[in-house]
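Residue numbers (this note's numbering): 7 to 577.
Ideal placement from N, C-alpha and C gives every residue a C-beta, glycine not left out.
A quick write-up on the structure given underneath.
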């Protein structure tokens, strides 16, 4: 063995020097190739494909996150907030990572007030998705409690939620937003583009679980929405709501509406309906109570239209307020159909016809002149067309063209049948009388500066004569003594209209209306009241809607510090 080892060493010593050099060369080349490969790879990663690889990395860690914007407030005419956006949180899950313990799930269910089976069901339905809402609109305190549970796959998101301090009182006008804070009803919908802000955008770094670990930069800052100041007066709105609710309940009506209008500016100072709903609880708006009846519900105005029928008569120079009309025997047949008063009132002047609301007297007057005279008067004051309020869902009403009228239709139209109106249309029409024959656009926005000029649609003399004649409606012998306002001269008109059913006009079902103007000496306010189908012994407009008008108008003139014009009857 020793001999073999010795022989091998001798043979290796005998190898030429070039063999060692060749081996060293091969080793160096291999090392150089490895180094070049590493350098090439380094250049490829850091130079050639740097942007691509960086984008791939960013795609896995950097996200764009929206920053919610604050929605503008809605304010009453004195700056009182009627709609406010408050910060809230939404709770959402990533179903793939949502793995709560039994105790965590129980606690989460309690805090969210959502049953455990429902949470699990949402998780199952959300498989394959990365984002599933559990609940939205949580107050920050509750959200912090949920965050403290540290449940895998549960995350919070900042949002805003709309809050309405006045609740049902302002609901029908202000409206409401949906869960995404976008307007759905009322002024929230009409002025959504003005009120809603523009969401911001920022870049953040998220870990593999979706948690934000760092903010990188702001891409676009959030832009808050604009505030909206409206014409309504919170104080007057509350008075109208209180009196209407009490009246609907007292007379057992199905529903009712009240509109208070400033005749100088066209501003709507109050608009209420009953029943109402609470916009802070969206489910309460799903029972049909969310619509604003004062602009969406149509009805035949009945005898309240006689004021404009009389205006069309007075435009004919052959008639004056003292002109005499014989209504004997208290009834007549027109086109085979009967028109009648409750009794034979004999010979009356035009003022008396309005005072006692005679259908016979009004029909005879209207039938004595061309049909287009009445149509022109009604159309010019706004019937059969929408107002300029721009309120969502407002109805136009119905005013058939005079060319399709026969004598019976013309006669019944003169006392308010065959035409349909909204409460707001009726209020605007009476504002024309109060403003001396000038039609001023109605508005839900506060008027700044000078009042709008409006458009003359009726002679000033005629409007003044009508107002003077209508004062008798509230006097002894008139149809609305209960509508008087202590200390103020009031001019107005009643209406009691049979309701149309599936088989024509129904017996013992009426709409009761009163609309009035005060102070009569210098008109400032119009208040329109309608009760739909009051039950019981009292259903005439003067005895149901009249007292509601009296209470609303009395409070309103005092709130606005309007001076009395009938001091002798102050008490």
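Classified as buried, residue 405 has 16 or more neighbouring CB atoms from the shown chains inside 10 Å of its CB.
Per DSSP, reduced to three states, the secondary structure at residue 412 is coil, with no helix or strand assignment.
Non-local C-beta neighbours of residue 426 in its own chain, meaning closer than 7 Å and more than five positions away in sequence, comprise 304, 305, 306, 403, 404, ordered along the chain. By the criterion of at least three beta-carbon pairs nearer than 8 Å, the segment 269-281 is in contact with the segment 175-182. Nearest C-alpha to residue 298 among 80, 153, 400: 400. In this structure residue 368 is not in contact with residue 472, their Cβ atoms being roughly 13 Å apart against a cut-off of 8 Å. Within the same chain, Cβ atoms closer than 7 Å to the Cβ of residue 133 are found at 101, the five residues on either side in sequence being excluded.
Using a 10 angstroms sphere on the CB of residue 46, the tally of other CB atoms stays under 16, which defines it as exposed. Annotation: the continuous alpha helix (DSSP H) that includes residue 472 extends over 466-476.
If you draw a 10 Å sphere on the C-beta of residue 420, you find 16 or more other C-beta atoms in it, and that means buried. Out of 525, 542, 449, the CA that lies nearest to the CA of residue 556 is found in 525. When the five nearest sequence neighbours on each side are left out, the beta carbons in the same chain lying within less than 6 Å of the beta carbon of residue 319 are those of 325, 371, in order along the chain. Counting the other Cβ atoms within 10 Å of the Cβ of residue 249 gives 16 or more, which makes it buried.
Less than 8 Å separates the beta-carbon of residue 499 from that of residue 521. In its chain, beyond the 5 residues on either side, 264, 520, 551, 554, 555 have a beta carbon closer than 6 Å to the beta carbon of residue 535. Counting along the chain, the unbroken beta strand (DSSP E) around residue 507 starts and ends at 497-507. Setting aside the 5 residues that flank it on each side, residue 153 is surrounded in the same chain by 162, each with a C-beta closer than 7 Å to its C-beta; the list follows chain order.
Taking each of 441, 185, 332 in turn and checking the Cα distance to residue 460, the smallest one comes out for 441.
The Cβ-Cβ distance between residue 347 and residue 330 does not fall below 8 Å. Counting only residues of its own chain and dropping the five nearest sequence neighbours on each side, residue 481 has a CB closer than 8 Å to the CB of 361, 487. If you ignore the 5 residues before and after residue 73, its C-beta comes within less than 7 Å of the C-beta of 205, 206, 207, 208, 228, all in its own chain and listed in chain order. Around the Cβ of residue 339, a 10 Å sphere holds fewer than 16 other Cβ atoms; the residue is exposed.
Residue range 377-386 is occupied by the alpha helix (DSSP H) that includes residue 379. The three-state secondary structure of residue 295, taken from DSSP, is coil. A straight line joining the alpha-carbon of residue 387 with that of residue 237 spans about 22 Å. Here DSSP, grouped into helix, strand and coil, assigns residue 176 to coil.
Looking at the backbone, the Cα of residue 149 and that of residue 564 are separated by about 47 Å.
Taking 8 Å as the cut-off, the Cβ atoms of residue 449 and residue 274 count as close. Comparing alpha-carbon positions, the option among 389, 477, 490 lying closest to residue 445 turns out to be 389.
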